[in-house]
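Undergrad: Okay, here's the structure, questions in a sec.
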């Protein structure tokens, strides 16, 4: 209540100093929703002063005519002052309460006002160029178009907590200097949905569909948010998204796409955002970034400090674009020179060198609050075919694996690995029937019980032909979860994602997979998201020059 009184005093002071505003908050409580008395519009004497006053208020998350703070004021407090809205529009990103008599619209997330909009007639005296002259160039410019509107949106950031948006008709040849349609003050930080205290209680409050969604690492389509992505988030509530090269055209496009996905997901558990950024030939981030050395080049230097600093660089790179998972480092040992898929992606042929350098790269990535996924367990180095094209067969016994392939994985797990990616390879001496990504003998018996890994297990992409040549993707996804995988990656095509989710849902409904088994995986996933404090927060466009300077500095120190 004290806070509300203070805000009302602030508003009153602003109203006195800015007498041109049309709002009057002194009416009696029973007249709150009555239209204000007619007032003849007069052109403002000084639009620049208006603009600066609006900007000044936005620093505190406020607009004229509404004694509320974006990101703080709750719905019930607003109802006490404004009463019932004329109507509430429900959208995919929240509810919007309309108060047309007050020329105010309020957007809510989880019963907190996060978007305060003002469309007073006086704003229509302010023009595009006057905003630029008064405030300088905006931080960002966006566009919105539907059947009735075509707007340009000038976005300013008065501080890290709020955005001030000026929404105008899009400039045209006939009207190059349009007037303001409305303004919006948006909180960039606000209380998330209140969740139960413990992860167990979170899981108890989740539906089976929400749990299964957390166990999917999904592909996306195209280069901007579309209907398929909205379904993945709102209908299927996927827990992770992988970005491929086809989804990327430029740094600004990539960050904008990521931000739009995060905005859509605001009311869900924060997303994993993953990318393959190993260095060398596996580098998917956009822009003219300096080349990062391959694992093989780092292996030739055989310097743990170099590996750690490259890990730090990789962490900074993926973080700058809004990712929180990097599918690296590669801990496969390049023991077969005919291997078509690993090669220079490996640190070398010596398991001790691979272990030492891989662990340091992993720690460098972790140091930037990015989740590394060590791969490809139990070892993809001694294969002669590419699992993208067919299922590799490795004729090694368990003792042979323990003397070579398993060493880097065991040591990395002992040093705190968070996520392990399972390869699509067949090891007949261990499991004659199923690839490692679908094998209980490998995931549960070997990785979980014998090696003792209790973190998150994720499959390699289930759309690779090593799987799809012999298995239906839905059936393969069920087999992977039954074998012990926590996350099924489906990195290509929306239809494949739906098939995997549908098959897992059916398997739980018919008792093939128990809900207790699903809960085990969801608990590991949520623990990892909590550990790294994942949030769907926006990112500004990555500064390519700064990132290149960072890369150059590291390379100068180690690769003269």
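Residue numbers (our numbering): 21 to 580. Glycine is no exception: its CB is placed at the ideal position from the N, C-alpha and C atoms. Model, not experiment: these values are computed from the prediction.
Since residue 488 is in the alpha helix (DSSP H), which residue starts that stretch and which ends it?
TA: First-last of the alpha helix (DSSP H) with residue 488: 485-488.
Undergrad: Hey, would you say residue 562 sits closer than 9 Å to residue 341, going by beta carbons?
TA: The answer is yes: Cβ separation under 9 Å.
Undergrad: Tell me whether residue 105 is buried or exposed, calling it buried when 16 or more other Cβ atoms sit within 10 Å of its Cβ.
TA: Buried, by the Cβ-count rule.
Undergrad: Pull up the CB-CB distance for residue 506 and residue 477, whole angstroms please, since I reckon it's below 8 Å.
TA: About 5 Å separates the two Cβ atoms, so the contact holds.
Undergrad: Are three or more beta carbon pairs between the segment 448-463 and the segment 313-333 nearer than 8 Å?
TA: Output reads no: the segment 313-333 does not touch the segment 448-463.
Undergrad: By how many angstroms is the C-alpha of residue 345 removed from the C-alpha of residue 391?
TA: Taking the straight line from one Cα to the other gives about 5 Å.
Undergrad: State the Cα-Cα distance for the pair residue 189 and residue 181, rounded to the nearest angstrom.
TA: The alpha-carbon atoms of residue 189 and residue 181 are separated by roughly 26 Å.
Undergrad: State the beta-bridge partners of residue 308 as determined by DSSP.
TA: Per DSSP, none; premise fails for residue 308.
Undergrad: Measure the CB-CB distance between residue 458 and residue 487 and report whether it falls below 9 Å.
TA: Cβ distance < 9 Å, so residue 458 and residue 487 count as in contact.
Undergrad: Count Cβ pairs between the segment 517-524 and the segment 234-251 that sit closer than 8 Å; are there 3 or more?
TA: Yes: at least three Cβ pairs fall under 8 Å.
Undergrad: Roughly how many whole angstroms lie between the Cα atoms of residue 203 and residue 284?
TA: So the two alpha carbons sit approximately 22 Å from each other.
Undergrad: Just curious, the beta strand (DSSP E) that residue 293 is in, first and last residue?
TA: Its beta strand (DSSP E) spans residues 292-295.
Undergrad: Are the CB atoms of residue 171 and residue 187 nearer to each other than 9 Å?
TA: Yes, they are a contact pair.
Undergrad: Can you find at least 3 beta carbon pairs, one from the segment 277-293 and one from the segment 561-577, that sit closer than 8 Å?
TA: Judged by Cβ distances under 8 Å, the segment 277-293 makes no contact with the segment 561-577, as fewer than three pairs qualify.
Undergrad: Please confirm whether residue 293 and residue 343 have their CB atoms less than 9 Å apart.
TA: Yes, Cβ-Cβ distance for residue 293 and residue 343 is below 9 Å.
Undergrad: Three-state secondary structure (DSSP) at residue 178?
TA: Residue 178: strand per DSSP, three-state reduction.
Undergrad: Which of the three DSSP states, helix, strand or coil, is assigned to residue 346?
TA: Residue 346 falls in the strand class under three-state DSSP.
Undergrad: Is residue 578 near residue 323, with beta carbons less than 9 Å apart?
TA: Result yes, Cβ atoms of residue 578 and residue 323 sit closer than 9 Å.
Undergrad: Could you check whether residue 75 and residue 138 sit closer than 9 Å to each other, using their CB atoms as the reference points?
TA: No, the Cβ-Cβ distance between residue 138 and residue 75 is not below 9 Å.
Undergrad: Give me the Cβ distance between residue 524 and residue 498, rounded to the nearest whole Å; I'm assuming they're in contact under 8 Å.
TA: The Cβ separation is near 6 Å, so the contact holds.
Undergrad: Can you have a look at residue 256 and say buried or exposed, based on whether 16 or more other CB atoms are within 10 angstroms of its CB?
TA: Buried, by the Cβ-count rule.
Undergrad: Counting only the same chain and skipping the five closest in sequence on each side, list residues whose C-beta sits under 8 Å from that of residue 528.
TA: 228, 232, 534, 535 and 538.
Undergrad: Identify the continuous alpha helix (DSSP H) that holds residue 570 and give its terminal residues.
TA: 564-578 is the span of the alpha helix (DSSP H), which, as asked, contains residue 570.
Undergrad: Using the beta-carbon count (16 or more within 10 Å), is residue 216 buried or exposed?
TA: With a pLDDT of 47 at residue 216, under the threshold of 50, the predicted position of this residue should be treated as unreliable, though the coordinate-derived value follows. So residue 216 ends up on the exposed side.
Undergrad: Count the other CB atoms within 10 Å of the CB of residue 142; is the residue buried (16 or more) or exposed (fewer)?
TA: Classification for residue 142: buried.
Undergrad: Hey, could you find the ends of the alpha helix (DSSP H) residue 546 is sitting in?
TA: Counting along the chain, the alpha helix (DSSP H) containing residue 546 begins and ends at 535-551.
Undergrad: Return the CA-CA distance between residue 174 and residue 159, expressed in angstroms with no decimal places.
TA: One C-alpha to the other measures close to 8 Å.
Undergrad: Please list, in chain order, all residues of the same chain as residue 583 whose beta carbon is under 7 Å from its beta carbon, the five residues on each side excluded.
TA: Residue 583 lies beyond the range of the chain shown here (21 to 580); nothing can be said about it.
Undergrad: For residue 157, count the other beta carbons within 10 Å of its own beta carbon; 16 or more makes it buried, fewer makes it exposed. Which is it?
TA: Classification for residue 157: exposed.
Undergrad: According to DSSP, simplified to helix, strand and coil, what is residue 492?
TA: If DSSP states are grouped into helix, strand and coil, residue 492 belongs with coil.
Undergrad: Go to residue 443, then tell me how far its alpha helix (DSSP H) extends in each direction, as first and last residue.
TA: Where residue 443 is concerned, there is no enclosing alpha helix (DSSP H), given that its DSSP letter is neither H nor E.
Undergrad: Name the residue from 416, 70, 90 and 313 whose alpha carbon lies nearest to the alpha carbon of residue 150.
TA: The option with the nearest alpha carbon to residue 150 is 70.
Undergrad: Apart from the five residues just before and just after residue 258, which ones in its own chain have a Cβ nearer than 6 Å to its Cβ?
TA: Same-chain partners within the cutoff: 233, 236, 238 and 252.
Undergrad: Report all residues from its chain with a CB closer than 6 Å to the CB of residue 162; omit the five preceding and five following residues, and keep chain order.
TA: Once the five neighbours on either side are set aside, the close Cβ partners of residue 162 are 173.
Undergrad: By DSSP, does residue 560 sit in helix, in strand, or in coil?
TA: It is coil, neither helix nor strand.
Undergrad: Helix or strand or just coil, what does DSSP make of residue 201?
TA: Of the three classes helix, strand and coil, the one that applies to residue 201 here is strand, per DSSP.
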